[in-house]
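K.L.:
My questions will all concern the structure given below.
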Amino acid sequence: MNILMAPLRGVTTSTYRKVYKSIFSGIDSAMAPFIPTGPETKVTNRLVKDVLPENNIDSYPIIPQIIGNRPEELPAFLNKLIELGLPEVNWNLGCPAPMVAKKKRGSGAIQHPELIESYVKVLDEHPGINYSIKIRAGFSDPSELYTLLPIFEKHNCSRLILHPRTGQQAYRGRADVDVFAEVSQRTTLPLVYNGDIFSMKLYSEIVPPIQEKISGIMLGRGILINPFLPELIQGKELSSNPNERIYELMKQLFAAYSAELFGENPVLGRMKELWSYLYYSYPEGQQNIKKILKCTSFTSYLREEEKLFETPFVPPVEYPDLEF
Ligand SMILES: Cc1cc2nc3c(=O)[nH]c(=O)nc-3n(C[C@H](O)[C@H](O)[C@H](O)COP(=O)(O)O)c2cc1C
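Residue numbers (numbering that gives the first Met the number 0): 0 to 323.
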């Protein structure tokens, strides 16, 4: 199975991707978290830092993602990505955040087919880079996505990555695999499935019915809940001592963030976000993780983390009751 690492803003940055790849296998490529386009006519290295080839050495083939809705902002951006030699750019039509969607960006653009067509026309005009689209199952209803499919097909969109929840739904409820199957009936575009693959059991429920229709899957929160998941999907056995590798992941990320960020708070913020997902894989350590989430210093954090690693790693089988 071809597996893409999902863009998770503030989480799957170049640092995370590189460290994760040095410890776990199973991922083929990674989509970087979104970069908002703006009115600048010269796109600096600073703006695209996360996807610069020099920051992705020993890491995955990288697909930059942009978020925006002004076609006039595209040429400067695309030319920069072409100059960097990146073969694909992804347009974010999925972000559900109300502040974003209200501005007709992310999933908020889905209800505006004219806007979408004017945007993809400019993407077409840059044959030096392929483009794909990451999208939700409509903003308020899947029919809004069905309306867009002929537009994507008429233009040069290379593939769709579909997370079958609506924008309004945000992360509530469950990803709707039936809507995904319906889209696959309605389009000839290559499709990548994304959403709620958190365990091998969920993988084996979600993927077989659509296996013939997809060119790959994208994993986001599933990697954070169970970092072994891509390996398991690719047929490897769970390590005999999984805690050793989780410990290595967290130790290396802690060191890398400490070198990259200023002060204890931002480092603890990053680590706590990761622990809030690992929470579901440590049923006997959840009280420890709740303490980790409240730590305000490195000393207390490292003390609590050590205690946590005395408890066993038992990743969830069923859909976890996401609390955070
Ligand atoms: C913390 C967080 C940050 C995210 N950032 C992005 C982003 O930058 N771009 C994007 O297209 N999707 C983003 N997403 C959505 C994920 O890429 C993915 O579509 C979603 O989590 C569903 O997949 P999953 O169930 O495998 O996690 C984000 C999701 C989360 C939870």
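Positions of the beta carbon are idealized from the N, C-alpha and C atoms, including for glycine.
#1: Given 8 angstroms as the limit, is there contact between the region 102-117 and the region 74-89, that is, 3 or more CB pairs closer than that?
#2: Need the endpoints of the alpha helix (DSSP H) that M98 sits in, please.
#3: Who does M199 pair with in a DSSP beta bridge?
#4: Do you know offhand how far K17's Cα is from L248's?
#5: First and last residue of the beta strand (DSSP E) that includes L237?
#6: If you pair each beta-carbon of the region 163-177 with each one of the region 134-146, do three or more pairs fall below 8 angstroms?
#7: Going by DSSP, what residue range makes up the beta strand (DSSP E) through V50?
#8: Taking 8 angstroms as the cut-off, does the CB of L218 come closer than this to any heavy atom belonging to ligand 1?
#9: In angstroms with no decimal places, state the Cα-to-Cα distance between P208 and T11.
#10: Could you tell me which of Y202, I216, R171 sits nearest to L190, measuring between CA atoms?
#11: Going by DSSP in three states, V334 sits in which element: helix, strand or coil?
#12: Does the region 51-63 come into contact with the region 90-106, if we say contact requires no fewer than three beta-carbon pairs (one atom in each stretch) closer than 8 angstroms?
#13: Kindly list the residues whose CB is nearer than 7 angstroms to the CB of A75, restricted to its own chain and excluding five residues on each side of it in sequence; keep chain order.
#14: Is R8 close to ligand 1? I mean its beta-carbon at under 8 angstroms from any heavy atom of the ligand.
#15: Along the chain, where does the beta strand (DSSP E) that runs through Y130 open and close?
#16: Measure the beta-carbon distance from V99 to I150 and round it to whole angstroms, keeping in mind my assumption that it falls under 8 angstroms.
#17: Please classify S13 as buried or exposed, where buried requires at least 16 neighbouring CB atoms within 10 angstroms.
#18: In three-state DSSP terms, what is A169?
#19: To the nearest angstrom, how far is the alpha carbon of P126 from that of E243?
#20: For E263, which residues of its own chain have a beta-carbon under 7 angstroms away from its beta-carbon, when the five flanking residues on both sides are left out?
#21: For F23, which option in Y246, G194, G37 has the closest C-alpha, if you only look at C-alpha atoms?
#22: Locate the alpha helix (DSSP H) running through G221, then write down its first and last residues.
#23: Within 10 angstroms of the Cβ of F261, are there 16 or more other Cβ atoms? Answer buried if so, exposed if not.
#24: Rank G25, K20, G9, I62 by C-alpha distance to the C-alpha of L237 and give the top, closest one.
#25: Report the three-state DSSP secondary structure of M4 (helix, strand or coil).
#26: Once DSSP output is grouped into helix, strand and coil, what is the label at P38?
P.N.:
With the structure as the only source:
#1: Taking 8 angstroms as the limit for Cβ pairs, the verdict is that the region 74-89 does not touch the region 102-117.
#2: Along the sequence shown, one-based indexing puts residue 98 at 99. From DSSP, the alpha helix (DSSP H) with M98 extends over 97-100.
#3: In the sequence shown, counting from the first residue as 1, residue 199 sits at position 200. Per the DSSP secondary-structure output, M199 pairs with nothing in a beta bridge.
#4: Against the sequence shown, residue 17 aligns to sequence position 18. Against the sequence shown, residue 248 aligns to sequence position 249. So the two alpha carbons sit approximately 11 angstroms from each other.
#5: Taking the first residue of the sequence shown as 1, we reach residue 237 at position 238. No residue range can be given for L237, since it is assigned to no beta strand (DSSP E) and is classified by DSSP as neither H nor E.
#6: Yes, since at least three Cβ pairs between the region 163-177 and the region 134-146 fall closer than 8 angstroms, the two stretches touch.
#7: The count along the sequence shown starts at 1 and reaches residue 50 at position 51. Per DSSP, V50 is not a residue of any beta strand (DSSP E), being assigned neither H nor E.
#8: As a position in the sequence shown, residue 218 is number 219, starting the count at 1. At least one heavy atom of ligand 1 is nearer than 8 angstroms to the Cβ of L218, so yes.
#9: Position 209 of the sequence shown, counting from 1, holds the residue named residue 208. Position 12 of the sequence shown, counting from 1, holds the residue named residue 11. Rounded to whole angstroms, P208 to T11 spans 29 angstroms at the Cα level.
#10: Taking the sequence shown and counting its residues from 1, one reaches residue 190 at position 191. Of the candidates Y202, I216, R171, the one whose C-alpha sits nearest the C-alpha of L190 is I216.
#11: A question about residue 334 goes unanswered here, because the residues of the chain that appear run from 0 up to 323.
#12: Counting C-beta pairs closer than 8 angstroms gives fewer than three between the region 51-63 and the region 90-106, which falls short of the contact rule.
#13: Counting from one through the sequence shown, the residue named residue 75 turns up at place 76. Shown here for A75: same chain residues with a beta carbon closer than 7 angstroms to its own, the five before and five after excluded, namely E39, T40, K41, V42 in chain order.
#14: Locating residue 8 in the sequence shown gives position 9, counting from the first residue. R8: yes, Cβ under 8 angstroms from ligand 1.
#15: Start at 1 with the first residue of the sequence shown, and residue 130 comes out as number 131. Here the beta strand (DSSP E) through Y130 covers 129-135.
#16: Working through the sequence shown from its first residue, we reach residue 99 at position 100. Working through the sequence shown from its first residue, we reach residue 150 at position 151. Wrong, their Cβ atoms sit about 21 angstroms apart, outside the cutoff.
#17: The residue labelled residue 13 in the question sits at position 14 within the sequence shown. Result: buried.
#18: Counting from 1 along the sequence shown, the entry for residue 169 is found at position 170. In the three-state scheme derived from DSSP, where H, G and I count as helix and E and B as strand, A169 is classed as coil.
#19: For the purposes of this step, residue 126 is identified with residue 127 of the sequence shown, where counting begins at 1. For the purposes of this step, residue 243 is identified with residue 244 of the sequence shown, where counting begins at 1. Taking C-alpha positions only, P126 is separated from E243 by approximately 46 angstroms.
#20: Residue mapping note: residue 263 aligns to position 264 of the sequence shown, counting from 1. Closer than 7 angstroms at Cβ, skipping near neighbours: S296, F297.
#21: As a working note, residue 23 is residue 24 in the sequence shown. It is Y246 whose Cα lies nearest to the Cα of F23.
#22: Within the sequence shown, the letter at position 222 stands for residue 221. Note, G221: alpha helix (DSSP H), 220-224.
#23: Taking the first residue of the sequence shown as position 1, residue 261 is located at position 262. Note on F261: under 16 other CB atoms within 10 angstroms of its CB, so exposed under the neighbour-count rule.
#24: Translated into the one-based positions of the sequence shown, residue 237 becomes position 238. A check of alpha carbon separations from L237 across G25, K20, G9, I62 identifies G25 as the nearest.
#25: Here residue 4 refers to the residue found at position 5 of the sequence shown. Strand.
#26: Reading the sequence shown from its first residue, position 39 is the one you call residue 38. Coil.
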